[in-house]
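Residue numbers (the numbering used here): 1 to 334.
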């Protein structure tokens with residue numbers, strides 16, 4: 001087949017897929033609108049039930065969550081690690097079912113769900129100086145972004161999505177946030193915001209796709225491929241750094257906003273020191289309510305040379321615990 005024929009074939013496949021994508025998008029929007037009509041306590045009960053179901057039989061989310069917990073909390077017994085995993089999957093279900101409520105309910109009502117703000121003084125800015133606010137995938141991170149933008153002009157680093165992208169951008173911007181795409185242009189938007197004295201919001205715990213601008217640094221003692229963007233922004237603009245997350249309260253009763261200081265070294269000229277400090281800051285957030293972190297995410301997908309893969313093999317708990325033990329043993333031998 002010629003190159004032109006291949007291009008024509010691929011174009012035809014893309015065209016054929018487009019109606020299906022549109023249909024799926026419409027279905028998701030209908031589902032989101034229906035979910036948003038439910039009261040939050042019911043949504044959280046449904047989310048907990050979804051998590052309970054996911055925890056009952058072998059699957060990747062269940063295995064990955066236990067692997068990550070066993071790696072990060074080796075001081076817990078195997079039974080304690082399983083119980084934390086099961087609680088986490090309940091919170092995992094709540095996280096995704098509550099998104100429609102947080103995006104589509106009136107914004108004043110959503111912000112009224114914040115029952116307390118701990119460390120609010122850390123959001124204060126000096127005149128003309130911006131503030132870098134890091135919100136890990138912990139608790140209700142969609143609410144964290146809405147709350148931050150309601151405190152003042154904010155630019156949020158944002159990854160465009162295949163589905164519901166328009167809805168995501170509209171929802172995240174409705175308290176005034178400017179969304180900066182994860183591109184060189186988006187980074188310029190963040191720099192300009194900090195130089196104006198604005199807030200900049202970043203999710204700091206996703207694994208970077210490119211080698212440039214990232215290094216391995218310990219996260220709960222396990223090497224994790226970690227971004228250097230925060231370090232670069234802080235050093236370039238002189239903006240201080242804090243962490244912010246929204247802890248979910250029981251029975252759909254609301255949320256607590258936590259504002260925590262960034263560990264010393266986040267703005268270090270040494271990349272390894274800066275990335276390690278960034279991860280310590282994420283750790284301090286996680287330790288407040290460890291069951292609400294996104295443990296099913298493959299945070300250790302990329303490994304240093306010579307280290308075994310983490311997310312491989314059978315899906316049962318026994319294998320996950322044994323795999324975590326092997327990874328830690330291999331790390332101890334380095």
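We put the beta carbon where it would ideally sit given N, CA and C, even for glycine. Source: prediction; values computed, not measured.
Round the Cβ separation of residue 54 and residue 61 to the nearest angstrom and send it over; I've been treating them as touching at under 8 Å.
With a Cβ gap of about 6 Å, residue 54 and residue 61 count as contacting.
Kindly list the residues whose CB is nearer than 8 Å to the CB of residue 85, restricted to its own chain and excluding five residues on each side of it in sequence; keep chain order.
Around residue 85: 55, 62, 65, 66, 69 and 295.
If I measure Cβ to Cβ from residue 287 and keep anything under 8 Å in the same chain, skipping five residues before and after, which residues do I get?
Result list for residue 287: empty, nothing under 8 Å.
Using the Cβ count rule (16 or more neighbours within 10 Å means buried), how would you classify residue 309?
With fewer than 16 other Cβ atoms within 10 Å, it is exposed.
Classify residue 101 as helix, strand or coil using the three-state DSSP reduction.
Here residue 101 sits in helix by DSSP.
Comparing the CB of residue 109 with every heavy atom of the ligand MG, is any distance shorter than 8 Å?
Ligands displayed in this structure: none; no statement on the ligand MG is therefore possible.
Between the segment 137-156 and the segment 97-113, do three or more beta carbon pairs fall short of 8 Å?
Contact holds: three or more Cβ-Cβ distances are below 8 Å.
With a cut-off of 8 Å, do at least 3 Cβ pairs link the segment 217-235 to the segment 261-268?
Contact holds: three or more Cβ-Cβ distances are below 8 Å.
How is residue 158 classed by DSSP in three states: helix, strand or coil?
Correct three-state label for residue 158: strand.
Given a cut-off of 9 Å, decide if residue 256 and residue 136 are closer than it, judged by their beta-carbon atoms.
Their beta carbons are not under 9 Å apart, which means residue 136 does not touch residue 256 by this criterion.
Is residue 210 helix, strand or coil by DSSP?
Three-state result, residue 210: coil.
With a 10 Å radius around its C-beta and 16 neighbouring C-beta atoms as the bar for buried, classify residue 323 as buried or exposed.
Per the 10 Å Cβ criterion, buried.
If you scan the segment 42-122 from start to end, which runs of the beta strand (DSSP E) of 3 or more residues do you find wholly inside it?
Counting only runs of 3 or more, we get 114-118.
Determine the closest residue to residue 90 out of 306, 42, 314 and 291, with distance taken between C-alpha atoms.
Selected option, being the one with the closest Cα: 291.
With DSSP as the reference, identify every bridge partner of residue 244, one or two as the case may be.
Residue 244 pairs with 259.
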